[in-house]
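Residue numbers (full-length UniProt numbering): 1 to 81.
What follows is the structure, encoded as C-alpha coordinates:
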(Lines of atoms letter the chains of each structure in order from A and count residues from 1; the text may use other names and numbers.)
(Lines give C-alpha, C1' and ligand atoms only; values in the text may rest on other atoms or scores of the structure.)
Protein backbone atom coordinates (compact mmCIF):
# COMPACT_ATOMS: atom_id res chain seq x y z
CA UNK A 1 0.00 0.00 0.00
CA UNK A 2 1.42 3.38 -0.99
CA UNK A 3 0.76 6.39 1.21
CA UNK A 4 -0.21 9.32 -0.92
CA UNK A 5 0.87 12.79 0.13
CA UNK A 6 -1.82 14.35 2.31
CA UNK A 7 -3.94 11.21 2.39
CA UNK A 8 -3.08 10.23 5.96
CA UNK A 9 -2.19 13.52 7.70
CA UNK A 10 -2.84 12.16 11.19
CA UNK A 11 -0.49 9.22 10.75
CA UNK A 12 2.18 11.46 9.27
CA UNK A 13 1.80 13.96 12.13
CA UNK A 14 2.20 11.20 14.71
CA UNK A 15 5.33 9.96 12.93
CA UNK A 16 6.81 13.46 12.91
CA UNK A 17 5.98 13.99 16.59
CA UNK A 18 7.67 10.73 17.52
CA UNK A 19 10.72 11.53 15.39
CA UNK A 20 11.12 15.02 16.84
CA UNK A 21 10.80 13.66 20.38
CA UNK A 22 13.29 10.84 19.78
CA UNK A 23 15.89 13.25 18.40
CA UNK A 24 16.37 14.76 21.84
CA UNK A 25 17.02 12.60 24.91
CA UNK A 26 15.92 15.41 27.23
CA UNK A 27 12.48 15.49 25.55
CA UNK A 28 12.12 11.74 26.00
CA UNK A 29 13.02 11.98 29.68
CA UNK A 30 10.60 14.88 30.18
CA UNK A 31 7.73 13.00 28.50
CA UNK A 32 8.47 9.85 30.51
CA UNK A 33 8.64 11.74 33.80
CA UNK A 34 5.36 13.49 33.06
CA UNK A 35 3.63 10.21 32.18
CA UNK A 36 4.96 8.49 35.28
CA UNK A 37 3.82 11.38 37.46
CA UNK A 38 0.31 11.51 35.97
CA UNK A 39 -0.36 7.78 35.72
CA UNK A 40 1.60 6.76 38.82
CA UNK A 41 2.33 3.22 37.55
CA UNK A 42 -1.32 2.43 36.82
CA UNK A 43 -2.09 -0.45 34.50
CA UNK A 44 -4.74 1.49 32.58
CA UNK A 45 -4.86 4.98 31.14
CA UNK A 46 -7.95 7.04 31.95
CA UNK A 47 -9.05 9.70 29.47
CA UNK A 48 -9.55 12.17 32.31
CA UNK A 49 -5.85 11.97 33.14
CA UNK A 50 -4.71 12.62 29.55
CA UNK A 51 -5.48 16.33 29.91
CA UNK A 52 -2.78 16.51 32.58
CA UNK A 53 -0.06 15.65 30.02
CA UNK A 54 0.87 19.25 29.22
CA UNK A 55 4.26 18.47 27.65
CA UNK A 56 2.65 15.90 25.33
CA UNK A 57 0.02 18.48 24.41
CA UNK A 58 2.76 20.97 23.51
CA UNK A 59 4.51 18.36 21.33
CA UNK A 60 1.25 17.60 19.53
CA UNK A 61 0.54 21.30 18.90
CA UNK A 62 4.09 22.07 17.77
CA UNK A 63 4.34 19.21 15.26
CA UNK A 64 2.03 20.68 12.57
CA UNK A 65 3.88 23.98 12.82
CA UNK A 66 7.23 22.32 12.17
CA UNK A 67 5.93 19.82 9.61
CA UNK A 68 2.73 21.08 7.94
CA UNK A 69 0.61 18.53 6.15
CA UNK A 70 0.64 18.71 2.36
CA UNK A 71 -3.15 19.01 2.44
CA UNK A 72 -2.79 22.40 4.11
CA UNK A 73 0.14 23.51 1.98
CA UNK A 74 -1.64 23.10 -1.36
CA UNK A 75 -1.94 26.26 -3.41
CA UNK A 76 -5.25 27.67 -4.56
CA UNK A 77 -8.78 27.02 -3.47
CA UNK A 78 -10.34 23.58 -3.33
CA UNK A 79 -12.13 22.59 -6.52
CA UNK A 80 -15.05 20.27 -7.05
CA UNK A 81 -14.32 17.22 -9.15
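No residue lacks a Cβ here, since even glycine has one placed at the ideal position from N, Cα and C.
Requested in this report: Return yes when the Cβ of residue 53 is within less than 8 angstroms of the Cβ of residue 26, no when it is not.
Outcome: no
Distance between residue 22 and residue 59 (C-alpha atoms, nearest Å) = Residue 59 and residue 22 have their C-alpha atoms spaced approximately 12 angstroms apart.
May I have the straight-line CA-CA distance separating residue 63 from residue 55, to the nearest angstrom?
12 angstroms
Within the same chain, show all residues whose beta-carbon is closer than 8 angstroms to that of residue 1, passing over the 5 residues directly before and after it, in chain order. Low per-residue confidence applies at residue 1: pLDDT is 41, beneath 50, and the placement is therefore not dependable, though the value from the model is reported in the following sentence. Once the five neighbours on either side are set aside, residue 1 has no close Cβ partner at all.
Tell whether a beta-carbon distance below 8 angstroms holds between residue 38 and residue 49. yes
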